[in-house]
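J.: Mind having a look at this structure? Questions to follow.
Numbering (the numbering used here), first residue to last: 63 to 482.
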């Protein structure tokens, strides 16, 4: 007990120091000048079903503070409920574009500038074929990259449940000015619309992964919900071919970047809000799916999560039992009390530092993040139990349901579709 308790305290302290570095990194990045590198890019958004706030999420994509870009929405079925939302956005954009052309044409007469240079580009809806050897999301992406404009210099990928800021695209693309960069990535932060245990627990669970990103470009990973890759890099590493057979688009990109020894840059300004609620069953389904994907694609990371969460739960429970059952104030009692004090201090400190970093970026949601002061700083105690459950469930089965499709992960490059 003494050994593992000391080890847990050490890990908690290192985690606390990591929170300090995370906040410093955010402040440093936000202090930099606004980027001016704005090549023509293609934004690809795979959609399936009706996410909470889908229309708001997609509208942000076509109203970015970015000079010239195109957006491709991808579905696998024209009857998908998301198509009606996308069609509404297309019609709205057509009306706005016609109005803009009229205004810009009048302005160009006076300024001798081209009206088209001030437009964001086209929006298109692509219908991909049904997946047979990959996840449907991956199949959608493989189809979309074949439909991009010839002038596109970079591909940007975004999830339909993400709600980026108005300058998200500008900041996400900026690191690609360096031709030696492999990819730029953001991450998600869950914000619930109605305060509920399951929704807040999911946010706390996810937050521990968010703070794993930082200035170390070699240890960073890509998140497919907010990710940018130069077109020449994408084609050089043959990413479309590498996606074939995979379930996780971002794990495949991360693996390809590591194999090519290309750095992955984390962009704090590309952190996106995912504004939605979930039930307890949906919490377990989401978190377990993530761990099953991790086991198949990064088994060492899965083992680390399994061991670390098990260690945390065992030490905390043991320390508590020692305190309440011991009849004498011996060394074991003092060691247990020290553990029950120091681990929470460092853990709450890490959660507080991380939340303060996120508040620097997601300023639009400051009121909601203020509420998360209480949930982030209390529910961390339960997160290791959820991680342990997820890791154990991933040991028992590689089968999962994602967006209505049942998959089984045979390997990182072999996905079997059980039912759709």
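Idealized CB from N, CA, C, for every residue including glycine.
Computed from a prediction, not measured in an experiment: that's the story for all the values here.
In terms of residue numbering, what span does the beta strand (DSSP E) encompassing residue 327 cover?
T.: Taken as a continuous stretch (DSSP letters only), the beta strand (DSSP E) holding residue 327 covers 326-328.
J.: What's the C-alpha gap between residue 331 and residue 230?
T.: Straight-line Cα distance between these residues: approximately 6 Å.
J.: In this structure, what does DSSP give as the bridge partners for residue 251?
T.: Residue 251 is bridged to 335.
J.: Since residue 260 and residue 341 should fall inside the 8 Å C-beta cutoff, what is the C-beta to C-beta distance between them, to a whole number of angstroms?
T.: Indeed they touch by this definition, with Cβ atoms about 6 Å apart.
J.: Can you check whether the CB of residue 185 is closer than 7 Å to the CB of residue 152?
T.: Contact: yes.
J.: I need the straight-line Cα distance from residue 288 to residue 235, nearest angstrom please.
T.: Answer to the nearest angstrom: the Cα atoms are 10 Å apart.
J.: Let me check understanding here. Comparing Cα to Cα, which of 136, 206, 295 and 456 lies closest to residue 360?
T.: Among 136, 206, 295 and 456, the Cα nearest to that of residue 360 is on 456.
J.: Have a look at the DSSP bridge pairing and note the partners of residue 103.
T.: DSSP lists 131 and 216 as partners of residue 103.
J.: Taking buried to mean at least 16 other C-beta atoms within 10 Å of its own C-beta, is residue 265 buried or exposed?
T.: By the neighbour-count rule (16 or more Cβ atoms within 10 Å), residue 265 is buried.
J.: Beta strand (DSSP E) containing residue 355: first to last residue?
T.: From DSSP, residue 355 is part of no beta strand (DSSP E) but of the alpha helix (DSSP H) over 342-359.
J.: Are residue 349 and residue 452 touching if we call contact CB-CB under 7 Å?
T.: The answer is yes: Cβ separation under 7 Å.
J.: Please decide whether residue 115 counts as near chain C, where near means a Cβ-Cβ distance under 7 Å.
T.: You won't find chain C in this structure, because it holds only one protein chain.
J.: Where residue 223 and residue 285 are concerned, what is the direct C-alpha to C-alpha distance, given to the nearest angstrom?
T.: Computed Cα separation, rounded: 13 Å.
J.: Just the C-alpha distance for residue 98 and residue 402, rounded to the nearest angstrom, thanks.
T.: Cα to Cα, the separation comes out at about 50 Å.
J.: Do you know offhand how far residue 94's Cα is from residue 64's?
T.: Cα-Cα distance, rounded: 46 Å.
J.: From which residue to which residue does the beta strand (DSSP E) around residue 209 run?
T.: Careful: residue 209 lies outside any beta strand (DSSP E) and carries neither H nor E.
J.: Would you grab the beta carbon distance between residue 128 and residue 100 for me? Rounded to a whole angstrom, and I think it's under 8 Å.
T.: Residue 128 to residue 100, Cβ: 6 Å. Contact.
J.: What does the alpha-carbon distance come out to for the pair residue 316 and residue 272?
T.: Roughly 15 Å between the two C-alpha positions.
J.: Does DSSP classify residue 473 as helix, strand or coil?
T.: Strand at residue 473.
J.: I need the boundaries of the alpha helix (DSSP H) containing residue 270, first residue and last residue.
T.: It spans 259-272 - the alpha helix (DSSP H) in which residue 270 sits, taken as one unbroken run.
J.: Do the CB positions of residue 214 and residue 102 come within less than 7 Å of each other?
T.: Going by C-beta atoms, residue 214 is nearer than 7 Å to residue 102.
J.: Can you name the start and end residues of the alpha helix (DSSP H) that residue 305 belongs to?
T.: Where residue 305 is concerned, the enclosing alpha helix (DSSP H) stretches over 301-305.
J.: Using the Cα positions of residue 385 and residue 262, report the straight-line distance between them to the nearest angstrom.
T.: Rounded to the nearest angstrom, the two C-alpha atoms are 30 Å apart.
J.: Under 6 Å Cβ to Cβ from residue 77, same chain only, skipping five residues before and after it: list those, please.
T.: 412.
J.: Tell me which residues share the same chain as residue 420 and place their Cβ nearer than 6 Å to its Cβ, disregarding the 5 neighbours each side in the sequence.
T.: Closer than 6 Å at Cβ, skipping near neighbours: 251.
J.: Going by other Cβ atoms of all chains shown within 10 Å of its Cβ, with 16 needed for buried, is residue 116 buried or exposed?
T.: Buried is the call here.
J.: Please report how far the alpha carbon of residue 314 lies from the alpha carbon of residue 139, in whole angstroms.
T.: Approximately 25 Å, taken between the alpha carbons.
J.: Are there 16 or more other CB atoms within 10 angstroms of the CB of residue 428, so buried, or fewer, so exposed?
T.: Flag for residue 428 reads exposed.
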